[in-house]
Amino acid sequence: MDPLISRRALNRATLDRQLLLSRTERGVVDVVEHLAGLQAQTPHTWYTGLWNRIADFDPAAAGELLLKRELVRIALQRSTIHLVSARDCLAMRPLLQPVTTRMTRSAFGKRLSGVDLEELAEAGRELLASRPMTFAEMGRELAGRWPEADPHALGQSVRSLVPLVQVPPRGVWGRSGPVAHTSAESWLRFRTPVMAAGELVTRYLAAFGPASVMDVQTWSGLTRLSEVVETLDLRRFGDGSGRVLYDLPDAPRPPEDVPAPVRLMYDFDNLFLSHADRSRVISDLGGAVLTRFAGTNVAPRMILVDGFTAGDWTYRRAGGVATLNVHAWQPIKERDEVEKEALALLAFLAPGDEHEVAFFNASSMG
3 MDPLISRRAL
13 NRATLDRQLL
23 LSRTERGVVD
33 VVEHLAGLQA
43 QTPHTWYTGL
53 WNRIADFDPA
63 AAGELLLKRE
73 LVRIALQRST
83 IHLVSARDCL
93 AMRPLLQPVT
103 TRMTRSAFGK
113 RLSGVDLEEL
123 AEAGRELLAS
133 RPMTFAEMGR
143 ELAGRWPEAD
153 PHALGQSVRS
163 LVPLVQVPPR
173 GVWGRSGPVA
183 HTSAESWLRF
193 RTPVMAAGEL
203 VTRYLAAFGP
213 ASVMDVQTWS
223 GLTRLSEVVE
233 TLDLRRFGDG
243 SGRVLYDLPD
253 APRPPEDVPA
263 PVRLMYDFDN
273 LFLSHADRSR
283 VISDLGGAVL
293 TRFAGTNVAP
303 RMILVDGFTA
313 GDWTYRRAGG
323 VATLNVHAWQ
333 PIKERDEVEK
343 EALALLAFLA
353 PGDEHEVAFF
363 NASSMG
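Quick note: the sequence shown uses the working numbering, first residue 3, plus one each step.
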């Protein structure tokens, strides 16, 4: 019989892998590769994800890595934009290509009747060889060749057919720019072996384990990974609910009573998006509260207290004052710790402003 691992022990193991029990001294590229990427469809909130994990994190230096092409933002896991290293971009994208193809064709396939997809891919590459383009610009150009097709679908479909990176200054700290794309091949100009499915699984477990096969599939968007998992040398655990959790034999699994510091997470942190069963970090009350956000198309920035969700936070700047609002989903005994971390985050987000922290309880949230 597989040994059982408690929910709290699972929480601490995951937080440790996610570099959330203590901030690391490791470099930005090393951390991004360890995490197998950060979800980054917003241009800047992922910087808070790195601030939560790296001691003395310098966002300007991290932004420079985009300009130096050591980091890129590209559609990968779940066909969502991820911040990854250049190496992982080229190694992961071919393996995850079926995910992007499946999702894009599901959304736009019917609007491309009569369009040869191989020709569309080649035409997209030719356009982007001249300069980076937005999807709208690509669609208008491609519509000249396929006038009967939907221009929006043409541009979006190039995204599924050709690995496209978002080019800076989009995503660079303190800067902005159009959502312009070019091909990963032309942007990076080197080759690397395609990652095998087994390596992808072990990379996932190193950052998110112990985990089930469904957890890995939820994170990656790939299917039929059970046959891959069965070929690997992994430890097995039970979670008390009949699920089998797999892990790397030598991966850290700290005791469940290890302290977990307060963390103010960013809106699309993969900690909350990469498991089929999210109860390892989302409290029972938190799961109920999150249903309030389900129909709003808003991803809350959640607060971890003792390793589990205890509330969310919002942030605004006006008149030289930066205010962080804490919305407590439950009574928080560690209020002083939350305020201290909130002030540190404000110093990171708005170093030149005055800083205020305001607390609101669940009954005042509306």
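C-beta: ideal position from N, C-alpha, C; glycine also.
Proximity of residue i and residue j at Cβ, strictly below 7 angstroms
i	j	result
residue 47	residue 268	yes
residue 228	residue 246	no
residue 187	residue 14	no
residue 75	residue 176	no
residue 87	residue 139	no
residue 320	residue 352	no
residue 95	residue 165	yes
residue 266	residue 343	yes
residue 309	residue 329	no
residue 143	residue 130	no
residue 231	residue 248	yes
residue 234	residue 200	yes
residue 291	residue 331	yes
residue 29	residue 40	no
residue 141	residue 149	no
residue 151	residue 110	no
residue 98	residue 68	no
residue 181	residue 136	yes
Pairwise C-alpha distance: residue j and residue i
i	j	result
residue 220	residue 209	14 angstroms
residue 270	residue 85	12 angstroms
residue 337	residue 306	12 angstroms
residue 9	residue 241	7 angstroms
residue 348	residue 364	23 angstroms
residue 2	residue 185	Outside the modelled stretch of the chain, which goes from 3 to 368, sits residue 2, for which no answer is possible.
residue 162	residue 102	5 angstroms
residue 294	residue 302	10 angstroms
residue 272	residue 33	14 angstroms
residue 53	residue 196	30 angstroms
residue 212	residue 49	26 angstroms
residue 179	residue 117	31 angstroms
residue 58	residue 112	49 angstroms
residue 255	residue 274	19 angstroms
residue 55	residue 31	13 angstroms
residue 304	residue 237	31 angstroms
residue 159	residue 38	25 angstroms
residue 92	residue 355	40 angstroms
residue 340	residue 42	25 angstroms
residue 183	residue 334	44 angstroms
residue 66	residue 114	38 angstroms
residue 157	residue 124	13 angstroms
Counted within 10 angstroms of its Cβ, other Cβ atoms place residue i as buried (16 or more) or exposed
i	result
residue 218	buried
residue 299	exposed
residue 108	exposed
residue 16	buried
residue 6	exposed
residue 3	exposed
residue 193	exposed
residue 170	buried
residue 318	exposed
residue 243	exposed
residue 316	exposed
residue 296	exposed
residue 11	buried
residue 147	exposed
residue 252	exposed
residue 19	buried
residue 222	buried
residue 286	exposed
residue 60	exposed
residue 311	buried
residue 262	buried
Span of the beta strand (DSSP E) around residue i
i	result
residue 85	83-87
residue 329	323-330
residue 77	73-77
residue 344	Where residue 344 is concerned, there is no enclosing beta strand (DSSP E), although the alpha helix (DSSP H) it sits in stretches over 337-351.
residue 357	356-362
N- and C-terminal bounds of the alpha helix (DSSP H) containing residue i
i	result
residue 13	9-19
residue 59	Per DSSP, residue 59 belongs to no alpha helix (DSSP H) and is neither H nor E.
residue 124	119-132
residue 138	137-145
residue 32	30-36
Residue i beta carbon near the ligand HEM (any heavy atom closer than 6 angstroms)
i	result
residue 343	Among the components of this structure there are no ligands whatsoever, and the ligand HEM is therefore not found.
Contact with chain B by residue i, beta-carbon distance below 7 angstroms
i	result
residue 230	In summary, chain B is missing from the structure at hand, where a single protein chain is found.
Note down, one range per segment and in chain order, each alpha helix (DSSP H) of at least 4 residues found wholly within the stretch 250-313. 286-292, all fully within the stretch 250-313.
Would you list, in sequence order, the uninterrupted beta strand (DSSP E) runs of no fewer than 3 residues that lie entirely inside the stretch 159-245? Runs of the beta strand (DSSP E) inside the stretch 159-245: 166-168, 183-185, 237-240.
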